[in-house]
Ligand SMILES: Nc1ncnc2c1ncn2[C@@H]1O[C@H](COP(=O)(O)OP(=O)(O)OP(=O)(O)O)[C@@H](O)[C@H]1O
Ligand SMILES: [Mg+2]
């Protein structure tokens, strides 16, 4: 068995819209993989495919030696308990307090006491710089605070894999920096494997070991952060420089 | 669907087409609802774990529905009494007034009107709540935490509705009969004893059971319709509104159709034999 995530020939369409058209990508255990791509290229769809929230039309996804496509509900739930996802829009449960949002997974899946769960949730919230929001409702938080609360919810269960969908979008530069440090810390200290979808190149170079660039349904760049930084021509160079002229189609 | 230069025949066709799509929507919902129902049954072993969620939903359904049920029931009982008295003219003895009011309330008016009124309120709110969770990825977030949305969201609402509808119906029956009594004695010069004797006369507990069985099924229909439309909501706020509307239309149609079928089965086949 090869640990990590192997994606091959992955294809997904919605009606006539072809979103992914043969994606091949390997993510090794412990690595921090940054996934870049223009808006609407299917980055969020790819994350959802990996954990079975969507079903691909073609291709295979293997996580730690197990094929995700065709898993039973129970197998999927076992898989997902080792994963967390920070959704692009936060996806906090708006009927419960922020603290309960963070603690829900522990309350459902462990037999820890409410007191322990409260402590762990609070600690998680402190790690993302939100020490005083435990009793607040999600609607009372700012956009950036919601994103960080969602991050707290993702890390509280100490998963092996964390999928971040634009974790720093909409945050001020200083908060964004602390989130990037947190992602690095989780990676280095706890050995978490991360997939980070981002448009924020500062963040990308800070947290990423390896880079992938998704365009028109396929991976057009796959390399280390040094190779990405060194790219002087081709799609990766165009993306980093933010040039509307080049191999990546502009609007 | 409607061409701009609609002739006189086209509006009629448009109406037929709209009815057709409402019926189609109900058929789709019924199919999806059947599947969801089976899925809910699958999660029943997790009832002990979900007790708090179920109690919370019972409270949500009961608490908000009581004022609505009171108003509906008072007027239903009052109208039933006035109409019965009017239809009796001088042909039917007035001592049957209480009998007729009680029977029509307990068998038909109580269960059906309660279900329609509570269905509109509860069905739309379930669909809107779950629909919002769907379009804001909260359902995906639950899935991601390995929490089954059917167990966590649908099953508690389903059980709560199945239990609360009969309770609200008993409540509604009592209020409606009281309303009828008040109108009869205060407005129609019927002596109090005549009305209450009528109530007792021909009283059959099967009528009450039959009404409550119907209410139980209506509760199931309301919850499943709300959950199915919520889970399949798509496309932002408009999609959530659409889901809420469809939940109410489907629930109402199914309540009326199943009321007929259940009536036939319960009162002709089971109790009639
Ligand atoms: N459930 C769905 N049904 C239909 N179309 C969808 C669905 N999810 C995504 N799409 C479409 O798939 C395409 C890719 O969407 P996706 O959200 O993955 O983009 P993205 O790369 O994450 O973009 P962004 O950077 O803006 O978040 C879009 O055109 C989107 O409209
Ligand atoms: Mg996205």
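Protein chains in written order, with our numbering: chain A, 105 to 355; chain B, 2 to 274.
We treat Cβ as the ideally placed atom computed from N, Cα and C, and that holds for glycine.
6 Å CB neighbourhood of residue i in its chain, flanking five on each side removed
i, result
"residue 3 of chain B", "Below a pLDDT of 50, predicted positions are generally treated as unreliable, and residue 3 of chain B, at 47, falls in that range; the measurement from the model is reported next regardless. Excluding residues within five positions, the ones whose Cβ falls inside 6 Å are 15."
"residue 216 of chain B", "112, 166, 167, 170"
"residue 138 of chain A", "300, 308, 312, 315"
"residue 272 of chain A", "280, 283, 304, 307"
"residue 55 of chain B", "157, 160, 161"
"residue 17 of chain B", "none"
"residue 265 of chain B", "none"
"residue 119 of chain A", "none"
"residue 237 of chain A", "202"
"residue 332 of chain A", "315, 340"
"residue 298 of chain B", "No answer is possible for residue 298 of chain B: it lies beyond the span of chain B, which begins at 2 and ends at 274."
"residue 232 of chain A", "252, 255, 256"
Residues of its chain near residue i, where Cβ-Cβ distance is below 7 Å and the 5 sequence neighbours each way are ignored
i, result
"residue 259 of chain B", "218, 222"
"residue 199 of chain B", "96, 97, 98, 99, 100"
"residue 135 of chain A", "297, 313, 314"
"residue 138 of chain B", "none"
"residue 210 of chain A", "216, 221, 224, 260, 261"
"residue 115 of chain A", "124, 125, 126, 160, 161, 162, 163"
"residue 196 of chain B", "98, 99, 182, 185, 186"
"residue 130 of chain B", "231"
"residue 254 of chain B", "27"
"residue 107 of chain A", "133, 168"
Residue i: contacting residues in chain B (beta-carbon distance under 9 Å)
i, result
"residue 213 of chain A", "146, 147, 148"
"residue 197 of chain A", "134, 139, 142, 143"
Interface partners of residue i on chain A, CB under 8 Å
i, result
"residue 44 of chain B", "Simply none; closest approach about 11 Å."
Presumed contact (8 Å Cβ cut-off) between residue i and residue j, rounded CB distance
i, j, result
"residue 189 of chain A", "residue 267 of chain A", "4 Å"
"residue 263 of chain A", "residue 186 of chain A", "6 Å"
"residue 86 of chain B", "residue 189 of chain B", "5 Å"
"residue 34 of chain B", "residue 229 of chain B", "5 Å"
"residue 234 of chain A", "residue 253 of chain A", "6 Å"
"residue 63 of chain B", "residue 247 of chain B", "With a Cβ gap of about 25 Å, residue 63 of chain B and residue 247 of chain B do not count as contacting."
Contacts around residue i, its chain only, beta-carbon distance under 8 Å, and the 5 residues preceding and following it disregarded
i, result
"residue 66 of chain B", "118, 119, 122, 123, 165, 169"
"residue 230 of chain A", "none"
"residue 228 of chain A", "206, 256, 257, 259, 260"
"residue 248 of chain A", "274, 275, 276, 279"
"residue 328 of chain A", "313, 314, 315"
"residue 175 of chain A", "156, 183"
"residue 198 of chain A", "241, 242, 243"
Check whether residue i and residue j have beta carbons under 8 Å apart
i, j, result
"residue 37 of chain B", "residue 147 of chain B", "no"
"residue 196 of chain A", "residue 162 of chain A", "no"
"residue 294 of chain B", "residue 114 of chain B", "No statement about residue 294 of chain B is possible, as the shown extent of chain B runs from 2 to 274 and does not include it."
"residue 220 of chain B", "residue 163 of chain B", "yes"
"residue 249 of chain B", "residue 173 of chain B", "no"
"residue 177 of chain B", "residue 22 of chain B", "no"
"residue 240 of chain B", "residue 132 of chain B", "yes"
"residue 269 of chain A", "residue 112 of chain A", "no"
"residue 135 of chain B", "residue 252 of chain B", "no"
"residue 167 of chain A", "residue 183 of chain A", "yes"
"residue 121 of chain A", "residue 156 of chain A", "no"
"residue 30 of chain B", "residue 107 of chain B", "no"
"residue 319 of chain A", "residue 145 of chain A", "yes"
"residue 149 of chain B", "residue 44 of chain B", "yes"
"residue 131 of chain A", "residue 165 of chain A", "no"
"residue 1 of chain B", "residue 41 of chain B", "The question about residue 1 of chain B has no answer, for chain B in this structure spans 2 to 274."
Residue i: contacting residues in chain B (beta-carbon distance under 7 Å)
i, result
"residue 393 of chain A", "It is not possible to answer for residue 393 of chain A, since the shown part of chain A is limited to 105 through 355."
Interface partners of residue i on chain B, CB under 8 Å
i, result
"residue 208 of chain A", "146, 148"
*Taking Cβ-Cβ distances below 7 Å as the criterion, which residues of the segment 124-140 of chain B are in contact with chain A?*
137, 138, 139
*Return the residues of the segment 166-193 of chain A that lie within a Cβ-Cβ distance of less than 9 Å from chain B, sorted by chain order.*
177, 180, 181, 182, 183, 184, 185, 187, 188, 189, 191, 192, 193
*What residues from the segment 222-250 of chain B come within 9 Å of chain A, judged by C-beta to C-beta, listed N to C?*
none
*Name, going along the chain, the residues of the segment 131-157 of chain A whose beta-carbon falls closer than 9 Å to a beta-carbon of chain B.*
152, 155, 156, 157
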